[in-house]
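Position 104, counted from 1, in the sequence shown is what the UniProt record's numbering calls 104; the numbers after and before it change by one each time, with no gaps.
Cβ atoms here follow ideal geometry from the backbone N, Cα and C, with glycine treated the same way.
The structure appears below as structure tokens.
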Amino acid sequence: MDQLRIGHGYDVHAFTTGDHVMVCGVRIPHSRGIRAHSDGDVALHALCDALLGAAALPDIGQLFPDTDPAWSGADSRQLLARVMQRLDDGGLRPLHADLTVVAERPRLKAHVPDMRAVLATDLSLPTDRVNIKATTSEGLGALGREEGIAAHAVVLLCPRTAAA
1 MDQLRIGHGY
11 DVHAFTTGDH
21 VMVCGVRIPH
31 SRGIRAHSDG
41 DVALHALCDA
51 LLGAAALPDI
61 GQLFPDTDPA
71 WSGADSRQLL
81 ARVMQRLDDG
91 GLRPLHADLT
101 VVAERPRLKA
111 HVPDMRAVLA
121 TDLSLPTDRV
131 NIKATTSEGL
141 GALGREEGIA
151 AHAVVLLCPR
161 TAAA
């Protein structure tokens with residue numbers, strides 16, 4: 001068990017004009033969009049940083065900088081796939097992922113089963129090892145004023161050869 005690694009990630013994006021947001025790879029209708037260089041999926045960005053942190057690798061800002069036109073409009077699931085490849089190359093794999101998305105709107109509860117299914121597939125985990133929670137900030141701060149959306153992610157990694 002001394003080979004277990006834990007990582008935490010956080011991301012936040014402001015709202016802008018648009019008609020949907022991407023959360024955990026799921027397109028969710030909304031009266032606003034996300035201001036971001038990529039598709040702005042805060043949950044996947046937080047998850048990528050948690051995975052990279054647990055593996056002691058550079059964060060997504062270093063790997064996929066917003067100054068690089070190659071990542072303009074990028075699908076965050078592709079970023080996650082690249083992160084997963086780096087973990088695999090380093091002999092690591094996720095055991096469990098736990099995410100919390102913070103937003104007053106859109107309401108996410110109805111989308112959680114779809115989000116869990118996407119992440120379970122992308123992480124090669126059973127759905128009972130992927131947890132997603134949606135909460136609000138009770139009207140406090142920028143998120144409470146519906147200026148944006150944020151996410152936290154915590155992951156547990158182990159060597160690829162370790163028993164599950």
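- Residue 94 counts as buried, since at least 16 other C-beta atoms from the protein chains shown sit within 10 angstroms of its C-beta.
- Put simply, of 20, 77, 67, 30 the residue whose alpha carbon is nearest the alpha carbon of residue 43 is 77.
- In this structure the segment 100-111 lies against the segment 20-36, because at least three pairs of beta carbons, one per stretch, are closer than 8 Å.
- For the segment 75-99, the full-length alpha helix (DSSP H) segments reaching 4 residues or more read 76-89 along the chain.
- Annotation: the continuous alpha helix (DSSP H) that includes residue 45 extends over 42-54.
- A Cβ-Cβ separation of about 6 Å places residue 99 in contact with residue 47 under the 8 Å criterion.
- Rounded to whole angstroms, the separation of the alpha carbons of residue 161 and residue 23 is 31 Å.
- Annotation: residue 136 to residue 63 spans about 30 Å, alpha carbon to alpha carbon.
- For residue 144, the enclosing alpha helix (DSSP H) stretches over residues 141-144.
- The beta carbon of residue 66 is closer than 6 Å to those of 37 in its chain, skipping five residues each way along the sequence.
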